[in-house]
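Take a look at the structure set out below.
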Amino acid sequence: MRYKDKVVLVTGAGRGMGRAIALAYAREGAQVVVSARTAKYGEETIAQILALGAQACLVGGDIADRAAIKSMIEGAVETFGALDILVHCAADTARGLISEMSDDTFDHIVRSNIQSLFWLAKDAAPYLCRAQDKGRIIFISSGEANRKYTPTLIPYGSSKAFMNAFARGLAVEFGALNILVNVIEPGLIGTDHMLHTLGDDLPHKLAAHFPVARLGESADIASAALFLTSSEASYITGTSLLVDGGATMVAMPKVDDVLKA
């Protein structure tokens, strides 16, 4: 019960890694504010948290909407009276070649994955700075921020590289406010969305080439978040924790070669 009486806001908590993170904090006694763009998924997460005997509330989750982010923060404080930890897991992805991508599509990625960082940090800071231990911000980035190029994912990978740089600068500025800021970079994690996008076989075949030869699980990311916001990590800020089974250290085989194997 490391997080008893702590208030934790998790964006993108309707499914996948966000849901796993929200449930992990609930198991440790936290009061969890679930942010989900799709209310149905958010309600499912809330039901699972309540089944654990923990407290939770649901707030809107469109991170591309300035007013929605303000409402998320205010909803957390109005419901539980405080905000101790913010875990920003929500993101949007658009696949395609830059030469063929519309201005609106690229602009949406910027608003969702870049502009949201500024809005969340600015709105949450006045409450996080009052945390009894230290206020914490965790941004869920991606191993894509470290790779040279993944076809059709330039906007997404670039936005995550921005996130890493933003977090480092924010850690310096927010240090004086009693707030620690860190990043988690997941590798190939077997979420429903990822398996739907890449298929059931390809991710497992790719993961067989990693030093830790398996597909990552959402629980791996949740465990990293629990550590980075714990008292054991009170001297860690401005860092990026890569949780990818060593994937970025090996040469990735061509997809066609993997599928033929």
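For the working numbering, count along the sequence shown from 1 and bump the result up by 1.
Ideal Cβ positions, reconstructed from N, Cα and C, are used throughout, including at glycine.
The structure displayed is predicted, hence computed values, not measured ones.
message: Given this structure, state the Cα-to-Cα distance separating ASP245 from PHE175, to the nearest angstrom.
response: 28 Å
field: Integer-rounded CB distance, given that LEU189 should sit under 8 Å from LEU207
entry: 6 Å
- prompt: If you draw a straight line from the C-alpha of GLY82 to the C-alpha of PHE119, how long is it?
  reply: 23 Å
message: With a threshold of 8 Å on Cβ separation, who are the neighbours of GLY30 within its own chain once the five nearest residues in sequence on each side are excluded?
response: MET2, ARG3, TYR4, LYS5, ASP6, LYS7 and ALA55
query: Three or more C-beta pairs closer than 8 Å, one from the stretch 179-187 and one from the stretch 131-149: is that the case here?
result: yes
- prompt: Along the chain, where does the beta strand (DSSP E) that runs through ILE115 open and close?
  reply: Counting along the chain, ILE115 falls outside any beta strand (DSSP E), and DSSP gives it neither H nor E.
- prompt: According to DSSP, which residues form a beta bridge with HIS89?
  reply: The partner list for HIS89 (beta bridge, DSSP) reads THR12 and PHE140.
message: Let's see if you can read the secondary structure: which residues bound the beta strand (DSSP E) around LEU36?
response: The displayed chain sequence assigns Ser, not Leu, to residue 36. Counting along the chain, the unbroken beta strand (DSSP E) around SER36 starts and ends at 32-37.
message: Please state the DSSP three-state secondary structure of VAL78.
response: helix
query: Three-state secondary structure (DSSP) at PRO127?
result: helix
C-alpha gap between ALA68 and HIS210, whole angstroms: It is roughly 44 Å from the alpha-carbon of ALA68 to the alpha-carbon of HIS210.
query: Going straight from the alpha carbon of SER72 to that of ALA126, what length do you get?
result: In this structure, the straight-line span from the alpha carbon of SER72 to that of ALA126 is close to 14 Å.
- prompt: CA-CA distance, LEU59 and HIS109?
  reply: 24 Å
- request: Check whether the stretch 19-34 touches the stretch 82-91, taking contact to mean three or more Cβ pairs, one atom from each stretch, closer than 8 Å.
  value: yes
message: Can you check which of these residues, ILE64, THR230 and ASP202, is closest to LEU121 by C-alpha distance?
response: ILE64
field: Entirely enclosed alpha helix (DSSP H) segments - the stretch 201-250, minimum 4 residues
entry: 202-208 and 219-229
query: How would you call GLY247, buried or exposed, if buried means at least 16 neighbouring beta carbons within 10 angstroms?
result: That one is exposed.
- prompt: In the structure shown, what three-state DSSP assignment does LEU51 receive?
  reply: helix
- prompt: Anyone know if the C-beta pair for THR192 and VAL9 falls short of 9 Å?
  reply: no
message: At the level of alpha carbons, what is the spacing between LEU53 and VAL35?
response: Approximately 15 Å between the Cα atoms of the pair.
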